[in-house]
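Novice: So in UniProt numbering, spot 220 of the sequence shown is number 220, and the numbers just go up one at a time.
A virtual CB, placed ideally from N, CA and C, is assigned to each residue, including glycine.
Computed from a predicted structure; not experimentally measured.
So that we are looking at the same thing, I have put the structure below in C-alpha cells.
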Amino acid sequence: MNVLTTLYDLSYKQYVQKHWLEITEEEQIVLDVEKARIKQAMWDAFNVRVLEPRQGGAGSSDTGNVARKVLENPELLAKTLYLNEEIIKRICYVLNQIRSLEPVDDLDEFDRYCKETYRMFLTTYSWFKIPVTLHRALAHAKHYMEALPLPLGRMNQEMGNVVTNVQQIISGDKEPITPILKPLTERQIEIIKRTWAIPYSKPGDSGEIILYTYLEQYPNNQVKFQAFRNTPLVMLKGTPGFRSHASKIMDVFATAINALGTENGLPAIVSLVTETGKYHRRRGISKRNFVELRGVIIEILTAVCRLDDEGKQAWSDLMDVLYHIIFNVLDEAKKVPPKK
Numbered sequence: 001m002n003v004l005t006t007l008y009d010l011s012y013k014q015y016v017q018k019h020w021l022e023i024t025e026e027e028q029i030v031l032d033v034e035k036a037r038i039k040q041a042m043w044d045a046f047n048v049r050v051l052e053p054r055q056g057g058a059g060s061s062d063t064g065n066v067a068r069k070v071l072e073n074p075e076l077l078a079k080t081l082y083l084n085e086e087i088i089k090r091i092c093y094v095l096n097q098i099r100s101l102e103p104v105d106d107l108d109e110f111d112r113y114c115k116e117t118y119r120m121f122l123t124t125y126s127w128f129k130i131p132v133t134l135h136r137a138l139a140h141a142k143h144y145m146e147a148l149p150l151p152l153g154r155m156n157q158e159m160g161n162v163v164t165n166v167q168q169i170i171s172g173d174k175e176p177i178t179p180i181l182k183p184l185t186e187r188q189i190e191i192i193k194r195t196w197a198i199p200y201s202k203p204g205d206s207g208e209i210i211l212y213t214y215l216e217q218y219p220n221n222q223v224k225f226q227a228f229r230n231t232p233l234v235m236l237k238g239t240p241g242f243r244s245h246a247s248k249i250m251d252v253f254a255t256a257i258n259a260l261g262t263e264n265g266l267p268a269i270v271s272l273v274t275e276t277g278k279y280h281r282r283r284g285i286s287k288r289n290f291v292e293l294r295g296v297i298i299e300i301l302t303a304v305c306r307l308d309d310e311g312k313q314a315w316s317d318l319m320d321v322l323y324h325i326i327f328n329v330l331d332e333a334k335k336v337p338p339k340k
C-alpha cells in the first residue's frame with residue numbers, strides 16, 4: 001500500500017515537479033484538481049476507490065487488497081497515472097518477487113535488476129524525493145531476502161513491516177548513541193533564534209511540512225500515530241487533526257528556543273523536553289524514530305533558512321541538547337524492574 005500511495009504522490013506532483021516546501025497556492029490548486037482526476041481515473045480503470053476515508057472514518061479505501069489488484073496490471077496503472085510504463089512494470093516485478101512464495105533463483109541478478117530500476121527512477125524523476133520504503137526495496141532487496149528465514153509470501157506480515165524489521169537485522173539493530181550534552185555558544189544561540197524566526201512566522205504550515213515530510217520519508221512510522229494511522233498521507237494535508245499534532249512540534253521548539261540564553265534556561269528546557277520524552281515513551285516511540293525526525297528537521301531548516309555550515313552546526317548542537325534529554329528519558333524505561 002505504501003508503494004501505491006507513493007505512485008499517486010508521484011503522479012500528481014509531476015505537474016509542478018517541486019518539493020512541497022516550494023509549491024505555491026496556485027500550484028496547490030492544480031495538485032488538488034489532479035488528485036481528484038486520479039481518484040476518478042482509478043475507479044474507471046480498476047473499479048477501486050482510492051484516496052478516500054472508509055465509511056465512519058476508520059481507515060481508508062487504500063487497502064492491501066486494492067494495492068495487490070492494481071499492481072497486477074502495471075501497464076494500465078502507468079497509463080492511468082501518466083507515469084513511465086517501463087519503470088512501473090519494473091517496480092511491480094520487484095515487489096512481486098520480494099513477496100513471492102518461492103525464493104528468487106539468482107539473487108545477484110535480481111539485485112542488478114533492482115538497482116538498474118532504481119537508477120532509471122532517479123534519472124526520470126530526479127525532482128521527486130523517494131520514500132525510504134521504496135528506496136529500501138530497490139536498493140537493498142537482496143539483503144532483505146537473504147536475511148529472511150522464509151520468502152516474504154510465506155510470512156504473515158505486510159511487506160512494509162518486514163522491510164523495517166529486516167532493516168534492523170541488517171544494521172545489527174544498533175541503538176542510536178545518546179548525544180553528549182554541551183553548552184551552546186552565544187553565537188550559536190543568536191543563529192538559532194534568528195533563523196527560527198523564519199519557519200515560526202507560519203508555525204502551523206511549518207509544523208505540517210515537517211510532519212508530512214517525516215511520514216513521507218518514513219511511511220512505516222505512520223502506524224505510531226493512532227489518530228491517523230490508517231489514513232493515506234496524501235489525504236492528511238490540511239486536516240485539523242494533522243495540523244494540530246504537527247503544531248506540537250513547533251510548540252516544543254519555540255519554548256526551548258525562547259529559553260536559550262536566559263537565566264535558568266537549561267533547567268526550563270530539561271523540564272519541557274523531559275515531559276516530551278515521557279509522552280512519546282508511553283507511545284512506544286524509539287530512539288531510531290527520533291533520529292529519523294531529526295534528519296528531516298535539519299533538512300527542512302537548511303532549505304527554508306538557507307543555513308550555511310555554521311548554521312547547520314548550531315542547529316545540530318541544539319538537537320544534541322534536546323536528544324540528550326529525550327534519550328535519557330527513554331532509557332529510564334529500561335531501568336524500571338518488571339512487576340512481579
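Leaving out five residues on either side along the sequence, give the residues of the same chain with a beta carbon under 8 Å from the beta carbon of D320.
Specialist: Here D320 has P179, I180, L181 and K182 as same chain residues with Cβ atoms under 8 Å from its own Cβ, once five neighbours each way along the sequence are excluded.
Novice: Would you call the region 254-272 and the region 232-245 in contact, with 3 or more CB pairs under 8 Å?
Specialist: no
Novice: Under a three-way DSSP split, which group does S201 fall into?
Specialist: coil
Novice: Here's a check: name, in chain order, each residue in its chain whose Cβ is nearer than 6 Å to the Cβ of G261, leaving out the five neighbours to either side.
Specialist: Excluding residues within five positions, the ones whose Cβ falls inside 6 Å are I189.
Novice: Which class does N96 belong to by DSSP, given the choice of helix, strand or coil?
Specialist: In the structure shown, N96 falls within a helical segment according to DSSP collapsed to helix, strand and coil.
Novice: Starting from Y8, follow the alpha helix (DSSP H) in both directions and report where the run begins and ends.
Specialist: N2 to K13
Novice: I'd like the list of long-range same chain contacts for G59, defined as Cβ closer than 6 Å, with 5 residues on each side in sequence excluded.
Specialist: Residue placement at G59 is flagged as unreliable, the pLDDT there being 48, under the threshold of 50; a coordinate-derived value is accordingly withheld.
Novice: For T24, which of helix, strand or coil comes out of DSSP?
Specialist: coil
Novice: To the nearest angstrom, report how far apart E332 and I325 are at their CA atoms.
Specialist: Each residue's CA atom was taken as its position, placing E332 and I325 some 11 Å apart.
Novice: By the 10 Å Cβ neighbour count, where 16 or more other Cβ atoms means buried, how is W315 classified, buried or exposed?
Specialist: W315 counts as buried, since at least 16 other C-beta atoms from the protein chains shown sit within 10 angstroms of its C-beta.
Novice: Can you find the residues in the same chain that come closer than 6 Å, C-beta to C-beta, to E208, ignoring five residues on each side of it along the sequence?
Specialist: R243 and A246
Novice: CB-CB under 6 Å to M120, same chain, minus the five flanking residues each way: which ones, in chain order?
Specialist: Cβ neighbours of M120 within its own chain (closer than 6 Å, five residues either side excluded): I87.
Novice: Could you compute how far the alpha carbon of C114 sits from the alpha carbon of I98?
Specialist: 11 Å
Novice: Rounded to whole angstroms, what is the Cα-Cα separation between L236 and K202?
Specialist: 19 Å
Novice: Rounded to a whole number of angstroms, what is the C-alpha to C-alpha distance between G238 and T5?
Specialist: 18 Å
Novice: By the 10 Å Cβ neighbour count, where 16 or more other Cβ atoms means buried, how is P103 classified, buried or exposed?
Specialist: Exposed, by the Cβ-count rule.
Novice: Closest by CA to I198, which one among T274, M250, D32 and C92?
Specialist: M250
Novice: Could you tell me the alpha carbon to alpha carbon distance between Q17 and E34, rounded to whole angstroms?
Specialist: 13 Å
Novice: Taking only the alpha-carbon atoms, compute the straight-line gap between T255 and P240 and give it to the nearest angstrom.
Specialist: 22 Å
Novice: To the nearest angstrom, report how far apart L134 and V3 are at their CA atoms.
Specialist: When rounded, the separation of the alpha-carbon atoms in L134 and V3 is 7 Å.
Novice: Heavy atom of the ligand SAM less than 7 Å from the Cβ of S316, yes or no?
Specialist: In the structure shown, the ligand SAM is absent, as is every other ligand, since no ligand is present at all.
Novice: With distances taken Cα to Cα, identify the nearest neighbour of V223 among A259, R283, T185 and T276.
Specialist: Answer by Cα proximity: R283.
Novice: Can you tell me where the alpha helix (DSSP H) with F253 in it begins and where it stops?
Specialist: F253 -> alpha helix (DSSP H) spans P240 to A259.
Novice: Using a threshold of 8 Å, state whether the C-beta atoms of E146 and L107 are closer than that.
Specialist: yes
Novice: Comparing alpha-carbon positions, which option in D111, T123 and L71 lies nearest Y144?
Specialist: D111
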